[in-house]
Amino acid sequence: MVSFLPAIETIVLSPVWGGILDRTGKGTRILALSFLVQAVGFTLFPFLRDPAQFVFVVALMGLFSSSFIPIFAALATDNSAQYGRAIGEFWTAASLGYASATLIGGVLFQFLNPVYLYVLGALYGYTGILVVSFLTKQGLTIAKSLIRPEGYWSLLKQRNVLILCGVSILALISSSSFNSFFTIYLVDSLSGSRLMAGLAATATTVLGAIAFRIVGPLDDRIGRKPMFLLGAVGYAVYFVTIYFVTNTVVVTVLWTLPIYPLIQASAAALMSDYTSIADRGKGLGILESAISLGGGLGPLIGGVIADATQLQSVILFALAAALGSATLSQLFLKEQAHSPRTLNSEHVSPAPIK
Numbered sequence: 002m003v004s005f006l007p008a009i010e011t012i013v014l015s016p017v018w019g020g021i022l023d024r025t026g027k028g029t030r031i032l033a034l035s036f037l038v039q040a041v042g043f044t045l046f047p048f049l050r051d052p053a054q055f056v057f058v059v060a061l062m063g064l065f066s067s068s069f070i071p072i073f074a075a076l077a078t079d080n081s082a083q084y085g086r087a088i089g090e091f092w093t094a095a096s097l098g099y100a101s102a103t104l105i106g107g108v109l110f111q112f113l114n115p116v117y118l119y120v121l122g123a124l125y126g127y128t129g130i131l132v133v134s135f136l137t138k139q140g141l142t143i144a145k146s147l148i149r150p151e152g153y154w155s156l157l158k159q160r161n162v163l164i165l166c167g168v169s170i171l172a173l174i175s176s177s178s179f180n181s182f183f184t185i186y187l188v189d190s191l192s193g194s195r196l197m198a199g200l201a202a203t204a205t206t207v208l209g210a211i212a213f214r215i216v217g218p219l220d221d222r223i224g225r226k227p228m229f230l231l232g233a234v235g236y237a238v239y240f241v242t243i244y245f246v247t248n249t250v251v252v253t254v255l256w257t258l259p260i261y262p263l264i265q266a267s268a269a270a271l272m273s274d275y276t277s278i279a280d281r282g283k284g285l286g287i288l289e290s291a292i293s294l295g296g297g298l299g300p301l302i303g304g305v306i307a308d309a310t311q312l313q314s315v316i317l318f319a320l321a322a323a324l325g326s327a328t329l330s331q332l333f334l335k336e337q338a339h340s341p342r343t344l345n346s347e348h349v350s351p352a353p354i355k
């Protein structure tokens, strides 16, 4: 139950936080509050004894952590017409942060008391408050928009937005339905080692950070739709290969290939194209909800299939979902022309976020 709470909160609340940013522009205050809640939550963990207390604190932390992606992504695209590059740089930084926390946390858990994991989380939280409150006060700016906001329902009624969310959900169902069981497949089905699985997970995070930095500019240069299609087709090729290839080294190397950034960065750049700056937070929040929904449904469906049959059947399902996402993207996903108008006609008088 505890593990599902943050995911559910992300699905439900990401658009809400994006809308608050669109309406108030107070990104620094929102982020500082969110970091504060994370820091306080980790600080309290060592003193909690009752399971209900843990559930409550985790739920409270998830309530505010769901603000990070839509707000940071919206801020990244605010003063740049190169949405792909901006989104790529944001996700590169986020991936590096995740990798550092995972690596340091793993070392602490292996050699020290687990309480130091809580100390690490609190340290990251309090540091985040300092960064967004002081060090980046001039960098975190959002401009007033002359364009009237459309609102959630108007965005959801737009064909481009609905199609993008749909193909993103399908792509994430494809990737997460099998990848969540990769360690089990590698160790139990292919007789691989847990060390190999752990090294693969680390390599995936590092390569993902590098890939985001490359994919972002390619979204601007080649196009968002071609890069999104490359990701969907890449998953299809990946699942076909591992279905027939059982060599543990080959399968592990294939699993570390950074395909996900092609989907994530391209989808975010497309949503930025579809929305004005007045609705950017809401649009990216809606997209994050769709991606989180796909990432949550995938393991659920994969688990049902694995219980009823075997893991090989999950690979076939993931392949079918990837092919479906690629086909629908090719047929219905639209590339929208973007230009420097985002910086010139939508804004007046940039002012620091408060």
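Using the numbering used here, read the sequence shown as starting at 2 and increasing by one per residue. Cβ coordinates follow ideal geometry from the N, Cα and C atoms, glycine included.
(message) Less than 7 Å between C-beta atoms, sequence neighbours within five positions excluded: which residues of the same chain meet that for Ile-170?
(response) For the purposes of this step, residue 170 is taken as the residue at position 169 of the sequence shown. Only Ala-291, Leu-294 and Gly-295 meet the Cβ criterion.
(request) Report yes or no: do the region 326-335 and the region 233-241 share at least 3 C-beta pairs separated by less than 8 Å? (result) Yes: the two stretches touch, three or more of their Cβ pairs being nearer than 8 Å.
(message) Helix, strand or coil, according to DSSP, for Ser-68 in the structure here?
(response) By one-based count along the sequence shown, residue 68 stands at place 67. Note: Ser-68 maps to coil in three-state DSSP.
(request) Would you mind sorting Gln-265 into buried or exposed? The rule is 16 or more other CB atoms within 10 Å of its CB. (result) The sequence position of residue 265 within the sequence shown is 264, counting from 1. Per the 10 Å Cβ criterion, buried.
(request) Measure the alpha-carbon distance for Gly-122 versus Leu-332 and round it to whole angstroms. (result) Walking along the sequence shown from the start, residue 122 turns up at place 121. Walking along the sequence shown from the start, residue 332 turns up at place 331. Those two C-alpha atoms are separated by around 44 Å.
(message) Do Gly-217 and Pro-71 count as a contact pair if the criterion is CB distance below 7 Å?
(response) Sequence index remark: in the sequence shown, residue 71 carries index 70 (1-based). Sequence index remark: in the sequence shown, residue 217 carries index 216 (1-based). It is not a contact, given that the beta carbons lie outside the stated cut-off.
(message) Rounding to the nearest angstrom, what Cα-Cα distance links Leu-156 and Gly-19 in this structure?
(response) Counting from one through the sequence shown, the residue named residue 156 turns up at place 155. Counting from one through the sequence shown, the residue named residue 19 turns up at place 18. Taking the straight line joining both Cα atoms gives about 13 Å.
(message) Rounding to the nearest angstrom, what Cα-Cα distance links Ala-270 and Asp-51 in this structure?
(response) As a working mapping, residue 270 is identified with position 269 in the sequence shown. As a working mapping, residue 51 is identified with position 50 in the sequence shown. Roughly 44 Å between the two C-alpha positions.
(request) Helix, strand or coil for Ser-300, going by three-state DSSP, please let me know. (result) Counting from one through the sequence shown, the residue named residue 300 turns up at place 299. In the sequence under discussion, the amino acid at residue 300 is Pro, which differs from the Ser named in the question. DSSP places Pro-300 in helix when its eight states are reduced to three.
(request) Take every Cβ of the region 201-214, pair it with every Cβ of the region 294-308, and state whether three or more of those distances are shorter than 8 Å. (result) Because the criterion of three Cβ pairs below 8 Å is not met, the region 201-214 and the region 294-308 do not touch.
(message) In the DSSP assignment, the alpha helix (DSSP H) including Pro-218 goes from what residue to what residue?
(response) Counting from one through the sequence shown, the residue named residue 218 turns up at place 217. Where Pro-218 is concerned, the enclosing alpha helix (DSSP H) stretches over 195-222.
(request) State the DSSP-derived secondary structure class of Ile-260, mapped to helix, strand or coil. (result) Position 259 of the sequence shown holds residue 260. Ile-260 falls in the coil class under three-state DSSP.
(message) As a quick exercise: from Leu-320, Pro-262 and Met-197, pick the residue whose alpha carbon is nearest that of Phe-229.
(response) Position 228 of the sequence shown, counting from 1, holds the residue named residue 229. With respect to the C-alpha of Phe-229, the residue from Leu-320, Pro-262 and Met-197 having the closest C-alpha is Pro-262.
(message) Using only the alpha-carbon positions, how far apart do Phe-43 and Tyr-127 sit?
(response) One-based indexing of the sequence shown puts residue 43 at position 42. One-based indexing of the sequence shown puts residue 127 at position 126. Straight across, the Cα-Cα distance linking Phe-43 with Tyr-127 is about 10 Å.
(request) Just the C-alpha distance for Lys-27 and Ser-192, rounded to the nearest angstrom, thanks. (result) The sequence position of residue 27 within the sequence shown is 26, counting from 1. The sequence position of residue 192 within the sequence shown is 191, counting from 1. Lys-27 and Ser-192 have their C-alpha atoms some 52 Å from each other.
(message) Using a Cβ-Cβ cutoff of less than 7 Å, which residues in the same chain neighbour Val-241 once the five nearest sequence positions on both sides are dropped?
(response) On the sequence shown, residue 241 is found 240 positions in, with the first residue counted as 1. Excluding sequence neighbours, Val-241 sits near Leu-320.
(request) Select from Lys-226, Thr-103 and Leu-255 the residue whose C-alpha is nearest the C-alpha of Ser-176. (result) Along the sequence shown, read from residue 1 onward, the residue named residue 176 stands at position 175. Of Lys-226, Thr-103 and Leu-255, the smallest CA-CA separation from Ser-176 is found for Leu-255.
(request) Would you check if the distance between the CB atom of Leu-312 and the CB atom of Ser-190 is smaller than 7 Å? (result) For the purposes of this step, residue 312 is identified with residue 311 of the sequence shown, where counting begins at 1. For the purposes of this step, residue 190 is identified with residue 189 of the sequence shown, where counting begins at 1. Yes, Cβ-Cβ distance for Leu-312 and Ser-190 is below 7 Å.
(message) DSSP three-state label for Thr-328, please.
(response) Along the sequence shown, one-based indexing puts residue 328 at 327. In this structure, Thr-328 counts as helix in the three-state DSSP scheme.
(message) My assumption, with CB atoms under 8 Å, is that Gly-304 sits in contact with Phe-179. Please give the rounded CB distance.
(response) Here residue 304 refers to the residue found at position 303 of the sequence shown. Here residue 179 refers to the residue found at position 178 of the sequence shown. With a Cβ gap of about 11 Å, Gly-304 and Phe-179 do not count as contacting.
(message) Give me the residue from Val-59, Gln-54, Phe-48 and Pro-47 with the minimum Cα distance to Thr-11.
(response) Indexing the sequence shown from 1 puts residue 11 at position 10. Nearest of Val-59, Gln-54, Phe-48 and Pro-47 to Thr-11, Cα basis: Val-59.
(message) Let me check understanding here. Comparing Cα to Cα, which of Tyr-117, Arg-195 and Thr-206 lies closest to Phe-46?
(response) If you number the sequence shown from 1, residue 46 lands on position 45. Out of Tyr-117, Arg-195 and Thr-206, Tyr-117 has the C-alpha closest to the C-alpha of Phe-46.
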